[in-house]
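Step one of this worksheet: look at the structure below.
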Amino acid sequence: MSPGLGSTLDLIVILFYFFAILIFGSFFGKYTKTTKDFFFAGQRFSWWLIAMSCIATLVGSYSFVKYSNQSYANGFTATHAYLNDWPWLFLWLFGWLPVLYYARVSSVPDYFEKRFGSGCRMAATFILLIYMIGYIGYNFLTIGVALEPILNWNLYVIVVTIAVIAAIYVTAGGQTAVIMTDLFQGFLLLLAGLLILLTGIEMAGGFQAFWQSWPTEHRRAFMPVTEPAGFNTAGVFWQDGMANSAAFWFMNQGIILRFLSVRNVKEGRKAMLAIVLLLIPLAAISVCCSGWVGRVLVEQGGLDIPEKSETVFVLVADAVSRFLQIPGMFGLIIAALTAALMSTADTLINGVAVIATHDVIRPYVWKDKPDKFYLKCARWLSIITALIGIALVPLFHSFGNLYDAHAAFTAAVTPPMVMAILMGFMWKRYSAIGAMATLIGGIILMIISMIEPAVIYPFSHGIDADGQGIKAYKYIRACYGMVMSGVLGVIFTYLSHPPIKDKLLRYVWGSERVLMREFKGVEPNTEQGIPVRLTIRVHSDLGENEVRLPFSAQYKMNAKNGDLVFLSHPGWFHGGLKSAHGQISGESQAEAEVSEALLQVMSVSEGEVVVVEKTF
161 MSPGLGSTLD LIVILFYFFA ILIFGSFFGK YTKTTKDFFF AGQRFSWWLI AMSCIATLVG
221 SYSFVKYSNQ SYANGFTATH AYLNDWPWLF LWLFGWLPVL YYARVSSVPD YFEKRFGSGC
281 RMAATFILLI YMIGYIGYNF LTIGVALEPI LNWNLYVIVV TIAVIAAIYV TAGGQTAVIM
341 TDLFQGFLLL LAGLLILLTG IEMAGGFQAF WQSWPTEHRR AFMPVTEPAG FNTAGVFWQD
401 GMANSAAFWF MNQGIILRFL SVRNVKEGRK AMLAIVLLLI PLAAISVCCS GWVGRVLVEQ
461 GGLDIPEKSE TVFVLVADAV SRFLQIPGMF GLIIAALTAA LMSTADTLIN GVAVIATHDV
521 IRPYVWKDKP DKFYLKCARW LSIITALIGI ALVPLFHSFG NLYDAHAAFT AAVTPPMVMA
581 ILMGFMWKRY SAIGAMATLI GGIILMIISM IEPAVIYPFS HGIDADGQGI KAYKYIRACY
641 GMVMSGVLGV IFTYLSHPPI KDKLLRYVWG SERVLMREFK GVEPNTEQGI PVRLTIRVHS
701 DLGENEVRLP FSAQYKMNAK NGDLVFLSHP GWFHGGLKSA HGQISGESQA EAEVSEALLQ
761 VMSVSEGEVV VVEKTF
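Spelled out as structure tokens, the structure:
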């Protein structure tokens with residue numbers, strides 16, 4: 161350990177955490193038998209599990225490191241990146257989520273092919289892989305920067321170690337491992353952040369002393385609109401509120417996989433509401449509070465933090481741990497930082513494996529192979545993705561400032577894809593040629609802006625360039641990219657033939673009942689019923705997802721032959737892990753009759769009691 165930062169016990173706690181999360185995540189490999197399990201976890205999880213898992217993904221290691229540095233320098237305004245997601249809530253809840261779920265898409269590029277054709281799929285795949293692999297590299301860098309002064313190891317040794325651990329359990333357990341480990345890690349990182357805040361207030365002498373010691377300019381809700389060039393309201397609005405927030409919720413494959421893992425659209429909406437209204441505000445406090453505490457303690461003379469420090473979180477965590485005098489506490493807090501990295505990296509690694517398998521390997525490289533072949537490919541791709549992420553660490557390290565590196569990357573990559581997605585599911589007239597113009601033309605325009613940043617000036621809101629090339633207009637480049645990509649899409653759409661209307665039913669925002677009908681194949685049954693409890697039995701004459709139920713049970717459920725049903729182990733605690741979807745295909749005497757395959761998916765034993773409820 162470095163002098164002054166933690167103890168041998170803290171190092172043991174950190175290493176034990178690495179080992180524990182590796183074993184815990186790999187354990188869920190037994191629930192991963194198909195590519196559907198690896199990518200979508202069987203589409204069976206409850207809202208609360210998905211909500212906590214998404215927060216664990218949202219709060220990456222870069223969040224603790226980046227936002228603690230920013231909140232130390234600028235105070236409350238650092239929370240904007242977490243509190244500006246709500247404008248997208250309505251579009252996501254009632255537009256994007258039902259389109260994704262009912263259209264049975266496996267990835268964003270898969271959506272583009274079904275909506276526009278194979279050309280758009282290839283372009284979307286290219287952009288999305290750059291975005292997600294770049295994010296992995298950025299996360300590896302931030303955890304390396306945070307742990308370097310603690311472990312006293314070389315930065316790249318730390319990066320490789322973390323990458324290996326994340327790749328192993330994602331490779332073994334897929335999406336199920338990601339969701340279950342993130343549940344634990346989500347609680348840990350939220351609790352660690354709140355512990356730092358409450359302890360920091362006590363160290364400052366109580367809330368009144370804390371508030372009075374906090375500089376007045378740090379209490380403001382907004383920064384000036386156009387200055388300073390490195391952090392201002394207009395820039396943060398476009399780079400984070402518009403481009404990055406839309407990218408995270410609408411195009412981030414890891415997040416999309418989360419919501420494709422819920423048992424139904426209703427559960428997905430519950431999860432999103434819990435995330436935006438409850439968990440994101442808590443997350444904002446957790447990732448920013450160490451910077452607030454650090455600033456107050458510096459003002460009071462109780463702590464020394466260099467200006468423009470990149471390790472504010474680590475220094476404050478060490479001070480808090482010394483104040484509490486609880487052996488191993490510093491190690492536990494740093495384990496929370498590690499949890500943030502693991503929960504984001506595992507999501508992105510799994511997401512890249514999905515895209516590479518479904519959108520490159522399956523359609524273009526090895527067609528019509530057995531499912532186990534693609535499962536093996538996905539696992540190898542998880543390892544390769546981690547290696548590429550490691551290779552990108554030096555690029556992000558060259559920026560010198562973690563906040564600027566993240567802003568420049570997201571503002572440069574996301575705008576064309578974000579605009580293509582938004583126009584694709586919201587605008588029926590939007591054509592394949594318009595989408596290609598948005599994606600390819602948008603990327604070309606973004607590259608031009610990196611070579612000649614002066615093209616961004618008309619969109620700059622008066623903000624200084626503050627750099628050269630990609631480092632110029634780091635934030636407001638997102639405004640230029642979104643506007644210009646959107647204009648290209650509109651122009652080329654009206655210069656081309658409109659898409660076939662019948663093809664749009666499942667892929668454009670409209671009547672949810674129509675989407676449900678397309679999903680089921682027949683008219684959905686939305687009559688209310690009540691769940692029933694039945695003993696489960698295996699019958700060899702049933703198809704993989706076929707279920708036979710007693711007439712009395714179907715009557716209580718208001719269900720009929722052909723309706724979709726959800727079978728689960730009683731209780732809420734498993735979050736859907738012991739459950740499966742089925743379709744009614746006849747009547748039984750007194751039990752729920754299923755196939756051997758469906759019983760294995762549920763991971764329950766024959767003769768157990770299960771809860772059966774109608775989906776629609």
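Each step along the sequence shown adds one to the number in our numbering, with nothing skipped, and position 256 is 416.
Just so you know, even glycine gets a beta-carbon here, dropped at the ideal spot from N, CA and C.
Please go through the same chain and pick out, in chain order, the residues whose beta-carbon is closer than 7 Å to the beta-carbon of residue 687, but skip the five residues on each side of it.
Indexing the sequence shown from 1 puts residue 687 at position 527. 718, listed in sequence order.
Taking C-beta to C-beta, are residue 256 and residue 776 nearer than 9 Å?
Taking the first residue of the sequence shown as 1, we reach residue 256 at position 96. Taking the first residue of the sequence shown as 1, we reach residue 776 at position 616. Cβ atoms of residue 256 and residue 776: not closer than 9 Å.
Would you call the region 413-432 and the region 259-270 in contact, with 3 or more CB pairs under 8 Å?
yes
Report the option in 361, 204, 294, 286 whose CA atom is closest to the CA atom of residue 571.
As a position in the sequence shown, residue 571 is number 411, starting the count at 1. Among 361, 204, 294, 286, the Cα nearest to that of residue 571 belongs to 294.
Between the C-alpha atoms of residue 164 and residue 240, what's the straight-line distance to the nearest angstrom?
Start at 1 with the first residue of the sequence shown, and residue 164 comes out as number 4. Start at 1 with the first residue of the sequence shown, and residue 240 comes out as number 80. Residue confidence for residue 164 is low, a pLDDT of 46 falling below 50, so the modelled location carries little weight and cannot support an answer.
Inter-residue Cα distance where the pair is residue 218 and residue 701:
Looking up residue 218 in the sequence shown gives position 58. Looking up residue 701 in the sequence shown gives position 541. Answer to the nearest angstrom: the Cα atoms are 45 Å apart.
Taking the alpha-carbon positions, what's the residue 198 to residue 535 distance?
Taking the first residue of the sequence shown as position 1, residue 198 is located at position 38. Taking the first residue of the sequence shown as position 1, residue 535 is located at position 375. With a pLDDT of 49 at residue 198, under the threshold of 50, the modelled position of that residue is not reliable, and the figure given next carries that caveat. Approximately 7 Å, taken between the alpha carbons.
Quick check: the region 586-593 against the region 612-619, are there 3 or more CB pairs under 8 Å?
no
Throw me the rounded Cβ distance for the residue 235 and residue 379 pair, which I believe falls under 8 Å.
Position 75 of the sequence shown, counted from the start, is the residue given in the question as residue 235. Position 219 of the sequence shown, counted from the start, is the residue given in the question as residue 379. About 6 Å separates the two Cβ atoms, so the contact holds.
Rounding to the nearest angstrom, what Cα-Cα distance links residue 238 and residue 282 in this structure?
To locate residue 238, count along the sequence shown from 1; it is residue 78. To locate residue 282, count along the sequence shown from 1; it is residue 122. Approximately 37 Å between the Cα atoms of the pair.
I'd like to know whether the C-beta atoms of residue 301 and residue 477 end up nearer to each other than 9 Å.
Against the sequence shown, residue 301 aligns to sequence position 141. Against the sequence shown, residue 477 aligns to sequence position 317. Cβ distance not < 9 Å, so residue 301 and residue 477 don't count as in contact.
Determine the DSSP secondary structure at residue 745, reduced to helix, strand or coil.
Working through the sequence shown from its first residue, we reach residue 745 at position 585. Reduced to three states, the DSSP call for residue 745 is strand.
Three-state secondary structure assigned by DSSP to residue 444
Residue mapping note: residue 444 aligns to position 284 of the sequence shown, counting from 1. Residue 444 falls in the helix class under three-state DSSP.
Put residue 758 into one of helix, strand or coil per three-state DSSP.
In the sequence shown, counting from the first residue as 1, residue 758 sits at position 598. Three-state DSSP puts residue 758 in a helix.
Tell me the rounded alpha-carbon separation between residue 448 and residue 233.
Position 288 of the sequence shown holds residue 448. Position 73 of the sequence shown holds residue 233. Cα to Cα, residue 448 sits roughly 11 Å from residue 233.
By the three-class DSSP mapping on this structure, what secondary structure does residue 623 have?
Taking the sequence shown and counting its residues from 1, the one referred to as residue 623 is at position 463. Here residue 623 sits in coil by DSSP.
Compare the Cα-Cα distances from residue 289 to each of 508, 273, 672, 767 and report the closest residue.
Within the sequence shown, the letter at position 129 stands for residue 289. If we check each option's Cα against that of residue 289, 508 comes out closest.
If you count every other CB in all the chains shown that lies within 10 Å of the CB of residue 750, and 16 or more means buried, which is it?
For this step, residue 750 is matched to residue 590 along the sequence shown. Flag for residue 750 reads exposed.
So, helix, strand or coil for residue 698, using DSSP?
Residue 698 sits at position 538 when you count from the first residue of the sequence shown. Here residue 698 sits in strand by DSSP.
Going by the CB atoms, is the gap between residue 493 and residue 357 shorter than 9 Å?
Here residue 357 is taken as the residue at index 197 of the sequence shown, counted from 1. Here residue 493 is taken as the residue at index 333 of the sequence shown, counted from 1. At least 9 Å separates the beta-carbon of residue 357 from that of residue 493.
Opposing strand residues paired with residue 773 [DSSP bridges]
The sequence position of residue 773 within the sequence shown is 613, counting from 1. DSSP output for residue 773 lists 726 as bridge partner(s).
Residue 311 - containing alpha helix (DSSP H), residue span:
As a first step, residue 311 must be located in the sequence shown, where it is residue number 151. 278-311 is the span of the alpha helix (DSSP H), which, as asked, contains residue 311.
Mind checking residue 721: buried by the 16 CB within 10 Å criterion, or exposed?
Here residue 721 refers to the residue found at position 561 when the sequence shown is read from its first residue. Exposed is the call here.
Is it right to say residue 299 is buried, meaning 16 or more other beta carbons lie within 10 angstroms of its own, or is it exposed?
As a first step, residue 299 is located in the sequence shown; it is residue number 139 there, counting from the start. Buried, since its Cβ has 16 or more Cβ neighbours within 10 Å.
Using only alpha-carbon positions, find the residue among 365, 395, 455 that is nearest to residue 376.
Taking the sequence shown and counting its residues from 1, the one referred to as residue 376 is at position 216. Taking the Cα of residue 376 as reference, the smallest distance to any Cα among 365, 395, 455 is reached at 455.
Please say whether residue 432 and residue 252 have beta carbons closer to each other than 9 Å?
Residue 252 sits at position 92 when you count from the first residue of the sequence shown. Residue 432 sits at position 272 when you count from the first residue of the sequence shown. Yes, the Cβ-Cβ distance between residue 252 and residue 432 is below 9 Å.
Out of 714, 690, 724, 692, which has the shortest C-alpha to C-alpha gap to residue 706?
Here residue 706 corresponds to residue number 546 of the sequence shown, with the count starting at 1. Taking only the C-alpha atoms, the option nearest residue 706 is 724.
What residues are listed by DSSP as bridge partners for residue 555?
For the purposes of this step, residue 555 is identified with residue 395 of the sequence shown, where counting begins at 1. Answer is none; residue 555 lacks a bridge partner.
Taking the Cβ atom as the reference point for each residue, do residue 651 and residue 636 lie within a distance shorter than 9 Å?
Position 491 of the sequence shown holds residue 651. Position 476 of the sequence shown holds residue 636. No, the Cβ-Cβ distance between residue 651 and residue 636 is not below 9 Å.
Residue range of the alpha helix (DSSP H) that includes residue 678
The residue labelled residue 678 in the question sits at position 518 within the sequence shown. Residue 678 -> alpha helix (DSSP H) spans 672-680.
So, helix, strand or coil for residue 753, using DSSP?
Along the sequence shown, one-based indexing puts residue 753 at 593. Three-state DSSP puts residue 753 in a strand.
For residue 397, which option in 426, 247, 365 has the closest C-alpha, if you only look at C-alpha atoms?
Translated into positions along the sequence shown, residue 397 becomes position 237. Closest by alpha carbon: 247.
Which of the three DSSP states, helix, strand or coil, is assigned to residue 200?
The count along the sequence shown starts at 1 and reaches residue 200 at position 40. Note that residue 200 scores 49 on pLDDT, short of 50, meaning its location in the model is unreliable; the coordinates nonetheless yield the value given after this. In this structure, residue 200 counts as helix in the three-state DSSP scheme.
Neighbourhood of residue 179 by C-beta distance below 7 Å, restricted to the same chain and skipping five residues each side:
On the sequence shown, residue 179 is found 19 positions in, with the first residue counted as 1. Setting aside the 5 residues that flank it on each side, residue 179 has no residue in the same chain whose C-beta is closer than 7 Å to its C-beta.
Kindly indicate the opening and closing residues of the beta strand (DSSP E) around residue 706.
Residue numbering aside, residue 706 sits at position 546 when the sequence shown is read from its first letter. First-last of the beta strand (DSSP E) with residue 706: 706-710.
If you run the structure through DSSP and keep just helix, strand and coil, what is residue 615?
If you number the sequence shown from 1, residue 615 lands on position 455. Helix.
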